[in-house]
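Have a look at the structure below, then the notes.
Residue numbers (our numbering): 18 to 187.
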């Protein structure tokens with residue numbers, strides 16, 4: 018059975034992951050409105066990933082005999098008024114999620130909950146990848162996005178991204 022504090026933090030993470038999905042849907046909608054369907058595709062896939070992350074946390078709670086408590090999901094409140102602003106929101110949000118995962122990991126570590134730490138190892142690695150992807154996207158936009166042909170090619174590249182469900186075994 019999970020420690021009550023660790024279970025509480027994981028339950029809160031379910032909500033944070035679902036909020037992440039909402040935020041990325043909001044960013045995808047912004048890019049659709051701007052006519053950047055490739056950017057929208059990239060963020061729609063991000064939204065799918067975050068939803069699946071929430072479901073992995075739900076399953077972990079259930080597999081450990083804990084009650085899952087779903088809370089209201091906050092409306093995204095970030096200002097998306099430029100292509101770069103939206104990209105920065107994505108990076109800042111990934112850095113925030115990384116801090117949340119680290120908080121749960123720290124709580125599990127403090128009570129020597131090795132099973133939860135092992136479960137979280139995948140998320141720690143995933144967050145490193147998520148931050149790098151967001152940073153790379155910003156760099157590519159800075160390099161190529163100011164040129165209309167470069168932006169067109171970057172948008173096409175992002176439009177080719179496909180979804181791959183996480184392969185975390187619980």
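Ideal placement from N, C-alpha and C gives every residue a C-beta, glycine not left out.
Cut-off 7 Å between Cβ atoms - residues of its own chain near residue i, not counting five sequence neighbours on either side
| i | result |
| --- | --- |
| residue 83 | 19 and 24 |
| residue 129 | none |
| residue 12 | In this structure the chain extends from 18 to 187, so residue 12 is not present and cannot be described. |
| residue 117 | 30 and 33 |
Buried/exposed call for residue i, threshold 16 Cβ in 10 Å
| i | result |
| --- | --- |
| residue 92 | exposed |
| residue 99 | exposed |
| residue 30 | buried |
| residue 131 | exposed |
| residue 37 | buried |
| residue 66 | buried |
| residue 60 | buried |
| residue 77 | buried |
Helix, strand or coil at residue i [DSSP, three-state]
| i | result |
| --- | --- |
| residue 180 | coil |
| residue 88 | coil |
| residue 37 | helix |
| residue 107 | helix |
| residue 18 | coil |
| residue 28 | helix |
| residue 130 | coil |
| residue 49 | helix |
| residue 97 | coil |
| residue 112 | helix |
| residue 164 | coil |
| residue 170 | helix |
Sequence-distant residues of the same chain with beta carbon closer than 6 Å to residue i, five excluded per side
| i | result |
| --- | --- |
| residue 28 | 86 |
| residue 48 | 56 and 57 |
| residue 88 | 32 |
Beta-carbon contacts of residue i that lie in its chain and below 8 Å, excluding the five residues immediately before and after
| i | result |
| --- | --- |
| residue 68 | 34, 35 and 38 |
For this session: Pair every Cβ in the stretch 43 to 56 with every Cβ in the stretch 172 to 182, then say whether three or more of these pairs are closer than 8 Å.
Result: yes
For this session: Could you say if the stretch 128 to 148 and the stretch 159 to 167 meet the contact criterion of at least three C-beta pairs nearer than 8 Å?
Result: no
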